[in-house]
Amino acid sequence: GAGVSQTPSNKVTEKGKYVELRCDPISGHTALYWYRQSLGQGPEFLIYFQGTGAADDSGLPNDRFFAVRPEGSVSTLKIQRTERGDSAVYLCASSLAGDQDTQYFGPGTRLTVL
Amino acid sequence: SQQGEEDPQALSIQEGENATMNCSYKTSINNLQWYRQNSGRGLVHLILIRSNEREKHSGRLRVTLDTSKKSSSLLITASRAADTASYFCATENYGQNFVFGPGTRLSVLP
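Chains as they are written, first to last, in the numbering used here: chain A, 1 to 114; chain B, 115 to 224.
Quick look at the structure:
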């Protein structure tokens with residue numbers, strides 16, 4: 001079956017603009033995760049959804065970052081007033097149930113803020 | 115903050131040789147997982163080892179876990195050029211989320 005997909009694959013924006021990044025998890029997976037990865041670093045946890053609700057948003061760096069998953073499937077990561085430091089690859093992963101399950105990653109969205 | 119720390123940061127070997135990467139972590143865990151990443155994009159899950167397990171095998175991969183030393187190792191036997199990638203360990207504690215290390219960049223030279 002289809003894996004996790006993310007759109008767009010690349011996004012270039014200007015400082016101060018608003019961006020939305022989309023994640024389509026594997027069908028039937030209740031858990032969805034967002035990570036951010038800077039060059040040469042490991043993925044950094046941002047937020048975790050179990051169904052429609054954010055079970056843990058402790059990794060969101062500040063209130064410019066927000067994510068939703070209104071129907072428990074597709075999720076959108078929203079970044080307001082983007083800054084150059086937001087440039088990174090944003091990775092989405094899903095797992096069947098959450099705790100102790102394998103996470104399956106999407107290809108990521110490379111965000112560049114000029 | 116990143117709990118897992120892979121060692122070495124970079125490793126270069128000849129095709130056919132074995133590659134060993136290590137991961138150390140700080141707090142108790144439920145499980146530890148290894149992932150591979152090509153070209154800085156999506157991660158591919160390799161193997162999961164639970165805290166009550168000491169060793170697991172999958173094809174040419176062998177993972178060990180020593181909870182007393184808070185460390186894990188990933189061994190890739192008979193390496194191939196296609197194994198060239200970054201390898202990450204990720205630790206999970208109950209109720210908390212994955213914490214990834216900075217990774218080991220493996221280069222397998224033909």
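Ideal Cβ placement from N, Cα and C applies to all residues, glycine included.
query                                                                                                   : result
CB contact check: residue 126 of chain B to chain A, cutoff 8 Å                                         : no
Within-8 Å CB hit, residue 231 of chain B to chain A                                                    : Coverage of chain B is limited to positions 115 through 224, which leaves residue 231 of chain B absent and any answer about it impossible.
When A:29, A:106, A:2 are compared against residue 71 of chain A, the one with the closest alpha-carbon : A:29
Partner residues on chain B for residue 91 of chain A, Cβ-Cβ distance less than 8 Å                     : 156, 157
Residues that DSSP places opposite residue 41 of chain A in a beta bridge                               : DSSP, once it has assigned bridges, lists no residue as partnering residue 41 of chain A.
Residues from the region 193-219 of chain B in contact with chain A, defined by Cβ distance under 9 Å   : 200, 202, 203, 204, 206, 208, 209, 210, 211, 212, 213, 214, 215, 216, 217, 219
Proximity below 8 Å, CB of residue 12 of chain A to CB of residue 114 of chain A                        : yes
Residue 176 of chain B and residue 167 of chain B closer than 8 Å at C-beta                             : no
Distance between residue 224 of chain B and residue 171 of chain B (C-alpha atoms, nearest Å)           : 25 Å
CB-CB length for residue 41 of chain A against residue 108 of chain A, believed under 8 Å               : In fact, because the Cβ distance is near 13 Å, the residues do not count as touching under 8 Å.
CB contact check: residue 162 of chain B to chain A, cutoff 8 Å                                         : yes
7 Å CB neighbourhood of residue 16 of chain A in its chain, flanking five on each side removed          : 81, 82
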